Amino acid sequence: MKKVRGFSLLCAGGLLFCAAFLGCAKKSATVALSQMPKAAFREMAVADEAEVADFSNAESGGVLPERERKLIKNGYVSIEVESLRVARETAENWVKAFGGFIKDSDEYASHLSITARIPAARFDEAMKATGDFGKTLSRNISTNDVTEQFYDLESRLAAKEIMVDRLNSYLSSAKDIKDMIEIETKLNEVTSDLDSMRSRMKRLSGDIDFSTISISAALPVNRTEDGFTLPDAKTKMREFTRNVLEFFVSLAFFVLYAVVFGIPIILIIALAFWLLFGKIGIIRRLYAKLKN
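See the structure below:
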């Protein structure tokens, strides 16, 4: 009986010891978990930021020739038309035919300006079709290669998205108020950068996918939409001034010719008169001898 009682006491003591040990271990683990963000979150955030930066650099350092080139194309056409109304209707049908849209449009008494966005795949075809509007006065095409800029922004955008996901994960695991504030501050900063990058990517992608074609249509000089030809006072004044200048130039050349050729002729005539009828008077003397 004593042996059984001793054995029971021994077992009870062992159970109490195990319970006490497990309680202490649980308490230590809880304390360690609650203290972990203070030392670890900053290091983990720095390490993740470095890792994300390495990812971005690795992406942007890729071989560009293996990727699709990203080009922004812009065109400008200056056209002389007989009617602005017809030109506007032609432009609207032209935009619809190529799957684009009119971004801006301004119309004046004798001038029409249209800025259209046309799918990049049909840019060359659309530029060629502008010749149907009227008489082409000038044409210009410019191309901007943004391949490196596009893929660099794309990789940095992906890196920021990874960082946002990880910061959200850290925030959900944080226990300390100070760490929560620090993580939220960093998360807000990264989220702001991410939104800005997304806006830039949206604009850049839009410029790549849709080319810009600007059309300037104008009526002939001094013509109105109704076909009336306005008197051109400026041209008339210019012609008058030119005629006056031509008159004085002609007069100056006349005087010059008179001086250059008239004076020698007058001198020759004066010399001949002096020899024949003057003091020498050859003809006068000959006539006197014949008379005697």
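Numbered according to mature numbering (1 follows the signal peptide of the UniProt record, and there is no 0), the sequence shown spans residues -22 to -1, 1 to 270.
Backbone N, C-alpha and C fix where the C-beta goes; we use that ideal spot for every residue, glycine too.
All of these numbers come straight from a predicted model, not from anything done at the bench.
Asked	Found
Using alpha carbons as the reference points, say which of V238, E224, N52 lies closest to T121.	N52
Measure the alpha-carbon distance for D82 versus R216 and round it to whole angstroms.	37 Å
For the candidate residues F79, R66, E60, V168, whose alpha-carbon lies nearest to that of I140?	V168
List the endpoints of the continuous alpha helix (DSSP H) containing R117.	No alpha helix (DSSP H) holds R117; the beta strand (DSSP E) holding it covers 113 to 123.
Less than 7 Å between C-beta atoms, sequence neighbours within five positions excluded: which residues of the same chain meet that for E58?	G112, K113, L115, A196, P198
My understanding is that residue 332 touches L135, with C-beta atoms under 8 Å, so please give their C-beta distance in whole angstroms.	With the chain covering -22 to 270 only, the question about residue 332 has no answer from this structure.
With burial defined as no fewer than 16 other Cβ atoms inside 10 Å of the residue's Cβ, what is the status of F251: buried or exposed?	exposed
Along the chain, where does the alpha helix (DSSP H) that runs through A69 open and close?	62 to 75
Could you tell me whether the Cβ atoms of I50 and I159 are closer together than 8 Å?	no
Do you know how far the Cα of K48 is from the Cα of K153?	46 Å
Under 8 Å Cβ to Cβ from N146, same chain only, skipping five residues before and after it: list those, please.	L165
Quick check: the Cα distance between E60 and E67, rounded to an integer number of angstroms?	13 Å
Roughly how many whole angstroms lie between the Cα atoms of V64 and N118?	23 Å
Within a Cβ cutoff of 8 Å, which residues of the same chain sit near V73, ignoring the five residues on either side of it in sequence?	F79, I80, A94, I96
What are the boundary residues of the alpha helix (DSSP H) that K51 is part of?	That residue, K51, is in no alpha helix (DSSP H); its beta strand (DSSP E) goes 49 to 58.
According to DSSP, simplified to helix, strand and coil, what is D173?	helix
Please state if the CB of S189 and the CB of A87 are separated by a distance shorter than 8 Å.	no
Could you please give me the residues that DSSP links to P97 through a beta bridge?	F188
For K138, does the three-state DSSP call read helix, strand or coil?	helix
Using the three-state DSSP reduction, which class does D84 fall into: helix, strand or coil?	strand
Between L182 and F101, is the Cβ-Cβ spacing less than 8 Å?	no
Quick check: the Cα distance between E191 and D84, rounded to an integer number of angstroms?	Reading off the sequence shown, one finds Ile at residue 191, where the question assumed Glu. Spanning the two alpha carbons is a distance of roughly 14 Å.
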